[in-house]
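If you count by this note's numbering, then the sequence shown holds residues 97 to 248, one letter each, in order.
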Amino acid sequence: MSSKLEQLQALLAPVVEALGYQCWGIEFLSQGRHSLLRIYIDHENGILVEDCEKVSRQISGVLDVEDPISSEYTLEVSSPGMDRPLFTIEQFAAHAGELVKIKLRSPYEGRRNFQGLLRGVEDQDVVVLVDDHEYLLPIDSIDKANIIPRFD
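So this is what it looks like as C-alpha coordinates:
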(Lines of atoms letter the chains of each structure in order from A; the text may use other names.)
(Lines give C-alpha, C1' and ligand atoms only; values in the text may rest on other atoms or scores of the structure.)
Protein backbone atom coordinates (compact mmCIF):
# COMPACT_ATOMS: atom_id res chain seq x y z
CA MET A 97 0.00 0.00 0.00
CA SER A 98 1.39 3.42 -0.91
CA SER A 99 2.14 5.91 1.84
CA LYS A 100 -0.53 8.29 0.43
CA LEU A 101 -3.11 5.51 0.63
CA GLU A 102 -2.01 4.63 4.18
CA GLN A 103 -2.30 8.30 5.16
CA LEU A 104 -5.81 8.57 3.69
CA GLN A 105 -6.85 5.28 5.35
CA ALA A 106 -5.63 6.49 8.77
CA LEU A 107 -7.40 9.84 8.33
CA LEU A 108 -10.71 8.70 6.82
CA ALA A 109 -11.51 5.20 8.18
CA PRO A 110 -12.22 6.55 11.71
CA VAL A 111 -14.60 9.15 10.23
CA VAL A 112 -16.54 6.45 8.35
CA GLU A 113 -16.66 4.20 11.41
CA ALA A 114 -17.78 7.05 13.71
CA LEU A 115 -20.83 7.43 11.44
CA GLY A 116 -21.70 3.75 12.02
CA TYR A 117 -20.40 2.28 8.76
CA GLN A 118 -17.57 -0.08 7.92
CA CYS A 119 -14.78 1.42 5.83
CA TRP A 120 -14.50 -1.44 3.31
CA GLY A 121 -11.61 0.11 1.41
CA ILE A 122 -10.09 3.19 -0.17
CA GLU A 123 -8.75 3.69 -3.69
CA PHE A 124 -6.68 6.70 -4.68
CA LEU A 125 -6.10 6.90 -8.42
CA SER A 126 -3.69 9.65 -9.36
CA GLN A 127 -4.52 10.73 -12.91
CA GLY A 128 -2.17 13.58 -13.70
CA ARG A 129 -3.59 16.89 -12.52
CA HIS A 130 -6.94 15.37 -11.57
CA SER A 131 -7.21 12.39 -9.23
CA LEU A 132 -9.99 10.15 -7.92
CA LEU A 133 -10.52 9.29 -4.26
CA ARG A 134 -13.03 6.44 -3.93
CA ILE A 135 -14.18 5.26 -0.52
CA TYR A 136 -16.17 2.05 -0.18
CA ILE A 137 -18.52 1.84 2.79
CA ASP A 138 -20.55 -1.11 4.02
CA HIS A 139 -23.21 -1.82 6.65
CA GLU A 140 -24.99 -4.98 7.74
CA ASN A 141 -28.29 -3.48 6.49
CA GLY A 142 -26.82 -2.52 3.12
CA ILE A 143 -25.99 0.90 1.73
CA LEU A 144 -28.40 3.49 0.30
CA VAL A 145 -27.60 6.64 -1.67
CA GLU A 146 -28.41 8.65 1.47
CA ASP A 147 -25.69 6.75 3.36
CA CYS A 148 -23.13 7.65 0.69
CA GLU A 149 -24.22 11.31 0.80
CA LYS A 150 -23.92 11.42 4.61
CA VAL A 151 -20.41 9.94 4.57
CA SER A 152 -19.38 12.12 1.61
CA ARG A 153 -20.39 15.34 3.42
CA GLN A 154 -18.48 14.32 6.56
CA ILE A 155 -15.38 13.24 4.65
CA SER A 156 -15.40 16.39 2.50
CA GLY A 157 -15.24 18.47 5.68
CA VAL A 158 -12.29 16.48 7.03
CA LEU A 159 -10.47 16.67 3.67
CA ASP A 160 -11.03 20.45 3.49
CA VAL A 161 -9.45 20.91 6.93
CA GLU A 162 -6.63 18.34 6.69
CA ASP A 163 -5.91 18.92 2.95
CA PRO A 164 -4.00 15.63 2.36
CA ILE A 165 -4.34 15.78 -1.45
CA SER A 166 -2.57 18.71 -3.10
CA SER A 167 -3.97 18.30 -6.62
CA GLU A 168 -7.56 18.48 -7.83
CA TYR A 169 -9.55 15.34 -7.13
CA THR A 170 -13.03 13.87 -7.27
CA LEU A 171 -14.44 12.25 -4.15
CA GLU A 172 -16.69 9.21 -4.61
CA VAL A 173 -18.36 7.31 -1.79
CA SER A 174 -19.82 3.97 -2.83
CA SER A 175 -21.01 0.60 -1.60
CA PRO A 176 -18.73 -2.31 -2.52
CA GLY A 177 -21.49 -3.68 -4.78
CA MET A 178 -21.89 -7.21 -6.07
CA ASP A 179 -18.43 -7.27 -7.65
CA ARG A 180 -16.96 -6.05 -4.38
CA PRO A 181 -13.29 -5.23 -4.36
CA LEU A 182 -11.12 -7.02 -1.81
CA PHE A 183 -8.45 -5.03 -0.01
CA THR A 184 -7.33 -6.88 3.14
CA ILE A 185 -6.21 -10.40 4.00
CA GLU A 186 -9.25 -10.64 6.29
CA GLN A 187 -11.60 -9.81 3.40
CA PHE A 188 -9.98 -12.49 1.23
CA ALA A 189 -10.34 -15.03 4.05
CA ALA A 190 -14.00 -14.12 4.62
CA HIS A 191 -14.82 -14.61 0.93
CA ALA A 192 -13.19 -18.02 0.44
CA GLY A 193 -15.31 -20.08 -1.95
CA GLU A 194 -16.14 -17.11 -4.19
CA LEU A 195 -14.97 -16.63 -7.76
CA VAL A 196 -12.45 -13.80 -8.01
CA LYS A 197 -10.56 -11.76 -10.56
CA ILE A 198 -7.10 -10.63 -9.42
CA LYS A 199 -4.63 -8.32 -11.12
CA LEU A 200 -1.03 -8.17 -9.88
CA ARG A 201 1.33 -5.19 -9.91
CA SER A 202 4.01 -7.29 -11.63
CA PRO A 203 3.94 -10.72 -13.30
CA TYR A 204 3.97 -13.91 -11.22
CA GLU A 205 4.85 -17.10 -13.08
CA GLY A 206 4.57 -15.11 -16.31
CA ARG A 207 1.12 -13.61 -15.76
CA ARG A 208 -0.53 -10.66 -14.05
CA ASN A 209 -4.20 -11.64 -14.33
CA PHE A 210 -5.79 -14.52 -12.45
CA GLN A 211 -9.43 -15.56 -12.46
CA GLY A 212 -10.60 -18.51 -10.42
CA LEU A 213 -11.86 -19.87 -7.12
CA LEU A 214 -10.66 -18.12 -3.97
CA ARG A 215 -9.54 -20.99 -1.72
CA GLY A 216 -8.57 -18.80 1.26
CA VAL A 217 -5.37 -17.40 2.69
CA GLU A 218 -2.08 -18.77 4.02
CA ASP A 219 -0.12 -16.26 6.11
CA GLN A 220 0.09 -13.20 3.82
CA ASP A 221 -0.71 -15.11 0.62
CA VAL A 222 -4.04 -15.34 -1.19
CA VAL A 223 -4.75 -18.86 -2.44
CA VAL A 224 -6.60 -19.00 -5.76
CA LEU A 225 -7.41 -22.05 -7.91
CA VAL A 226 -7.13 -21.36 -11.65
CA ASP A 227 -7.63 -24.21 -14.15
CA ASP A 228 -6.76 -26.93 -11.58
CA HIS A 229 -3.58 -25.09 -10.55
CA GLU A 230 -3.34 -23.48 -7.12
CA TYR A 231 -1.48 -20.16 -6.89
CA LEU A 232 -0.27 -18.48 -3.71
CA LEU A 233 -0.28 -14.77 -4.48
CA PRO A 234 1.38 -12.43 -1.96
CA ILE A 235 -1.20 -9.87 -0.77
CA ASP A 236 1.37 -7.07 -1.25
CA SER A 237 1.66 -7.88 -4.96
CA ILE A 238 -2.10 -7.58 -5.64
CA ASP A 239 -3.02 -4.40 -7.46
CA LYS A 240 -6.77 -5.07 -7.73
CA ALA A 241 -9.08 -7.91 -6.73
CA ASN A 242 -12.83 -8.26 -7.18
CA ILE A 243 -15.45 -10.89 -6.52
CA ILE A 244 -17.15 -12.16 -9.67
CA PRO A 245 -20.90 -12.12 -8.96
CA ARG A 246 -22.81 -15.35 -9.50
CA PHE A 247 -26.38 -15.30 -10.73
CA ASP A 248 -27.62 -18.84 -10.08
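For glycine and all other residues, C-beta sits at the position ideal for the given N, C-alpha and C. Quantities reported herein were computed from a predicted structural model and do not represent experimental measurements.
On the criterion of 16 or more Cβ atoms from any shown chain inside 10 Å, does residue i qualify as buried, or is it exposed?
i	result
D227	exposed
G121	buried
F188	buried
V145	exposed
F247	exposed
A241	buried
P176	buried
L233	buried
L214	buried
S180	Looking at the sequence shown, residue 180 is not Ser but Arg. Flag for R180 reads buried.
Tell me whether residue i sits in a helix, a strand or coil according to DSSP, three-state version.
i	result
L183	The residue you asked about is not Leu; residue 183 is Phe in the sequence shown. Coil.
S131	strand
Q42	The first residue shown for the chain is 97 and the last is 248, placing residue 42 beyond what the model contains.
F210	strand
I165	coil
R153	helix
E113	helix
L171	strand
S99	helix
L189	Position check: residue 189 holds Ala in this sequence, whereas Leu was assumed. Helix.
E146	helix
D239	strand
D160	helix
Might you give, ordered along the chain, the residues of its own chain that have their beta carbon closer than 8 angstroms to the beta carbon of residue i, omitting 5 neighbours on each side?
i	result
G116	H139
A109	C119 and I122
Which same chain residues, not among the five before or five after residue i, have their C-beta less than 6 angstroms away from its C-beta?
i	result
I244	L195 and K197
S237	L200 and R201
T170	L132
I185	V217 and I235
Might you give, ordered along the chain, the residues of its own chain that have their beta carbon closer than 7 angstroms to the beta carbon of residue i, omitting 5 neighbours on each side?
i	result
F124	K100, L101, L104, S131 and L133
L225	G212, L213 and R215
D239	K199, L200 and R201
Quiz item: At a cut of 8 angstroms, does the region 144 to 155 reach the region 196 to 210 through at least three beta carbon pairs?
Solution: no
Quiz item: Does the region 118 to 138 come close enough to the region 159 to 174 to have 3 or more Cβ pairs within less than 8 angstroms?
Solution: yes
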